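In the numbering used here, the protein residues as written are 47 to 411. Structure first, commentary second.
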């Protein structure tokens, strides 16, 4: 009996450790975190984080996250951080028939995600687009309650808390086209249309323009949506690339490329564009902005407004894109071709290069 137990322990440990080591090695080498010497200037990521990031990208992790975080049919949705309530941005906000449903999703697990359902109120066919529908049941409930037909699913980047609902949405609406960035299309579940910067899509009566903004991931896409041929303010869905008061972590790219592309984004869009980021991080980021610039009255006013919204359990999105130039250090530096060294430090690059290094961005873009 003891001989059997001893053999089981011996071979179990031997092959278990071997398999575990091979899996960790796979996670390390499949990780798409930026690498010094390849993506300079970029943060220096430790080995442990590189392995964890690779693990985050595996199908196994996505299945586990979906099991615990997705809302099930007939189940009450988990409350988001701060108890955020869903809202609808209507004509008073967009200035047109463009409608954007702001749906808090995934509870508190990622600090407060948003999914969006976008449609034209004047479209007789009631066609709709979902953006980053990471909790598919929540999106499907809204689509059904509003009497909409889901035709497209726009994915800003591959991270599970933005793309993790694609399979379920595709199963519920088989004719819906899942859209993702070309550079990471293989990582976007169910992606059938791969886009890059400058691409345009016709989605019923809506016009969609794609803006590349690499940095958070290598294929991050921001989607500008407006009523085709109409007036009003366009909506910009940025995922984790651009937030109210900040930018997403520079995980997979060069600060120089992100600096150039963020400046390009602000130059291309009208100042009254409505910013819809993928997380409710405004209070945190604006608090940091006030700490960096105590004399910045614009940052203080915006933070006070954000706190009032949150006290009422209302989202802080949308926000005018032009406001970011008053208090968002990343946006201000990139849009005004300002201090590239400061931009790098904000991105977590410890040894910030001189401003001239930013000139390399266009050659590497």
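Note that beta-carbon positions come from the ideal geometry of N, C-alpha and C, so glycine has one too. Note that the coordinates shown come from a computational prediction; the quantities given were computed from them, not determined experimentally.
How would you write the range of the beta strand (DSSP E) that residue i sits in, first residue to last?
i           : result
residue 161 : 159-166
residue 255 : 252-258
residue 309 : Note, residue 309: premise wrong, no beta strand (DSSP E); alpha helix (DSSP H) at 301-314.
residue 134 : 133-135
residue 147 : 144-151
Nearest to residue i by alpha carbon, out of the options?
i           : options            : result
residue 179 : 248, 236, 395      : 236
residue 274 : 97, 81, 381, 169   : 169
residue 231 : 220, 257, 252, 202 : 202
residue 158 : 359, 372, 368, 327 : 327
residue 83  : 300, 258, 226      : 300
residue 162 : 323, 336, 394, 245 : 323
residue 156 : 135, 205, 227      : 205
residue 349 : 336, 360, 171, 371 : 336
residue 229 : 239, 89, 223, 221  : 239
residue 207 : 286, 246, 377, 188 : 286
residue 117 : 77, 182, 141       : 182
residue 390 : 363, 302, 187      : 302
residue 329 : 359, 99, 313, 315  : 359
residue 81  : 121, 91, 218       : 91
residue 187 : 222, 147, 220      : 147
residue 120 : 269, 184, 241, 89  : 184
residue 166 : 160, 176, 143, 265 : 143
residue 218 : 244, 363, 190, 245 : 190
residue 222 : 125, 176, 245      : 176
residue 363 : 373, 385, 325      : 325
residue 257 : 226, 89, 140       : 226
residue 264 : 74, 85, 75, 72     : 85
residue 269 : 279, 289, 246, 278 : 246
residue 397 : 88, 77, 312, 76    : 88
residue 291 : 372, 244, 211, 216 : 372
residue 192 : 215, 164, 209      : 164
residue 243 : 209, 318, 314, 137 : 314
residue 139 : 377, 75, 385, 280  : 280
residue 288 : 214, 375, 318      : 375
In the DSSP assignment, what are the bridge partners of residue i?
i           : result
residue 223 : 198
residue 429 : As displayed, the chain neither begins before 47 nor continues past 411, which places residue 429 out of reach and without an answer.
residue 322 : 283
residue 69  : Beta-bridge pairing links residue 69 to no other residue.
residue 248 : 253
residue 175 : 164, 198
residue 288 : 293
residue 365 : 321
For the alpha helix (DSSP H) containing residue i, name the first residue and the last one.
i           : result
residue 390 : 386-392
residue 182 : 182-191
residue 114 : 105-115
residue 237 : No alpha helix (DSSP H) holds residue 237; the beta strand (DSSP E) holding it covers 237-241.
residue 298 : Careful: residue 298 lies outside any alpha helix (DSSP H) and carries neither H nor E.
residue 94  : 93-102
residue 352 : 343-357
residue 333 : 328-338
residue 215 : 212-218
residue 375 : 375-381
residue 207 : 206-209
On the premise that residue j lies in contact with residue i, defined as a C-beta separation below 8 Å, what is that separation, rounded to the nearest angstrom?
i           : j           : result
residue 282 : residue 321 : 6 Å
residue 70  : residue 96  : With 8 Å as the limit, residue 70 and residue 96 do not qualify as a contact, their Cβ atoms being about 10 Å apart.
residue 249 : residue 173 : 7 Å
residue 394 : residue 296 : 6 Å
residue 141 : residue 266 : Rounded, the Cβ-Cβ distance is 27 Å, inconsistent with contact.
residue 262 : residue 211 : About 19 Å separates the two Cβ atoms, so there is no contact after all.
residue 209 : residue 234 : 5 Å
Contact between the region 130-143 and the region 90-109 is defined here as three or more beta-carbon pairs at a separation below 8 Å; is this criterion met? The answer is no - the region 90-109 does not touch the region 130-143, with fewer than three Cβ pairs under 8 Å.
Report yes or no: do three or more beta-carbon pairs, one from the region 347-357 and one from the region 140-158, lie closer than 8 Å? No, the region 347-357 does not touch the region 140-158.
Below 8 Å, how does it come out for the region 300-308 and the region 375-392: are there three or more Cβ pairs, yes or no? At 8 Å Cβ cutoff, the stretches touch.
For the region 112-127 against the region 333-347, are there 3 or more C-beta pairs whose distance is under 8 Å? no
Is there contact here, the region 267-281 with the region 249-259, by at least three beta-carbon pairs under 8 Å? yes
Taking one C-beta from the region 365-377 and one from the region 188-198 each time, how about it: are there three or more such pairs within less than 8 Å? no
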